[in-house]
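Residue numbers (the working numbering): -1 to 361.
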């Protein structure tokens, strides 16, 4: 088999490996494992380059805890800054080698192959590194093979970085939407933050996925976004609302849903669902649609508990705050009527964690 045929065979095999994985961490770990086996290296690492700090941190590293190192020293640093492949045949007799890493990890490095990971603008985003060839030294052929694999790694990392930036932007926008409702209702960001954290805790204990836990923590603070559309004379009224005023107040659930819903954004879809359902009740007597039991989404059932609890212990224009204990008692008194009893049981089991969130973010 000639060199081109060998490279094609390796890429085909590599494609089979990474197609079986989904998350970025799993993909990069698969890449590191594949590179280690193909190159007959003892271990491989994939570093991410932090340009602002001029540092490299290990996203994947065989048998080593994540480490952060300067890019101004060491082979990985040379590869990152020069954007050139680095090959070392005797680490401790090479001026480029940083012995401090071995001291920190307890490892003994002999041979090294470091390849820069470049984005489509030829900017360094990381380094792919192999250590200690099992037989002989790393060669130019090994470097070509690692470069092939590195192209996949660079693409995966670049996409992940872009996704993280997009998610951060979305998060900022979503938090500003939540803040808009607070200005109207004289609530505080601490209240909405607490609701998000209570909700995330209950979601975790209920067994929801990490993705759904992240969604509910971000989306729960927007449960009252629809209050933007409620007149101040109703929203800020210190006395009990009349029947007509209460009917107007109830429309904030549908208003919030309509404001937030976006078919293409999973976070906004979750926020819209929560806005619509957080006043539904387990026994079907809530609003706006009188849903009952598990007809109400798990997001809506969780946030109903978190919101009522924190509203009770918070100052409002129409009431003084309740004590933590009194609010907790009310939740239990309404288990099976207003609230999902299984979720109230989880709330009770984790009451000290709830208390910690409250104390750390107390108004």
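Idealized CB from N, CA, C, for every residue including glycine.
Where residue i falls, given that 16 or more other Cβ within 10 Å makes a residue buried
{"i": "residue 231", "result": "exposed"}
{"i": "residue 96", "result": "buried"}
{"i": "residue 357", "result": "exposed"}
{"i": "residue 148", "result": "buried"}
{"i": "residue 201", "result": "buried"}
{"i": "residue 364", "result": "As displayed, the chain neither begins before -1 nor continues past 361, which places residue 364 out of reach and without an answer."}
{"i": "residue 192", "result": "buried"}
{"i": "residue 126", "result": "buried"}
As assigned by DSSP and simplified to three states, the class of residue i
{"i": "residue 238", "result": "coil"}
{"i": "residue 87", "result": "coil"}
{"i": "residue 136", "result": "coil"}
{"i": "residue 289", "result": "coil"}
{"i": "residue 380", "result": "Lying outside -1 to 361, the shown extent of the chain, residue 380 is not represented and no answer is given."}
{"i": "residue 95", "result": "coil"}
{"i": "residue 337", "result": "strand"}
{"i": "residue 300", "result": "helix"}
{"i": "residue 207", "result": "coil"}
Cα-Cα separation, residue i to residue j
{"i": "residue 56", "j": "residue 73", "result": "14 Å"}
{"i": "residue 256", "j": "residue 223", "result": "10 Å"}
{"i": "residue 216", "j": "residue 79", "result": "37 Å"}
{"i": "residue 290", "j": "residue 276", "result": "12 Å"}
{"i": "residue 304", "j": "residue 122", "result": "44 Å"}
{"i": "residue 331", "j": "residue 338", "result": "12 Å"}
{"i": "residue 19", "j": "residue 25", "result": "With a pLDDT of only 49 at residue 19, under the threshold of 50, the placement of this residue in the model should not be trusted; the figure read from the coordinates follows. Distance between the alpha carbons of residue 19 and residue 25: 6 Å."}
{"i": "residue 204", "j": "residue 268", "result": "17 Å"}
Closest Cα partner of residue i within the set the options
{"i": "residue 311", "options": "265, 217, 190 and 342", "result": "190"}
{"i": "residue 41", "options": "58, 336 and 352", "result": "58"}
{"i": "residue 85", "options": "136, 259 and 143", "result": "136"}
{"i": "residue 87", "options": "198, 128, 250 and 293", "result": "128"}
{"i": "residue 98", "options": "303, 338 and 68", "result": "68"}
{"i": "residue 249", "options": "284, 104, 66 and 50", "result": "284"}
{"i": "residue 44", "options": "52, 31, 51 and 37", "result": "31"}
Beta-bridge pairing of residue i - partner residues as DSSP gives them
{"i": "residue 124", "result": "46 and 115"}
{"i": "residue 53", "result": "48 and 68"}
{"i": "residue 314", "result": "317"}
{"i": "residue 110", "result": "86 and 129"}
{"i": "residue 306", "result": "Partner(s): none; residue 306 has no beta bridge."}
{"i": "residue 192", "result": "In the DSSP output, where bridge partners are listed per residue, residue 192 has none listed."}
{"i": "residue 39", "result": "131"}
{"i": "residue 59", "result": "43"}
Any non-hydrogen atom of the ligand FAD within 7 Å of residue i CB
{"i": "residue 66", "result": "Ligands displayed in this structure: none; no statement on the ligand FAD is therefore possible."}
Test: residue i CB closer than 8 Å to a CB of chain D
{"i": "residue 329", "result": "Looking at the structure shown, chain D is missing, and only one protein chain is on hand."}
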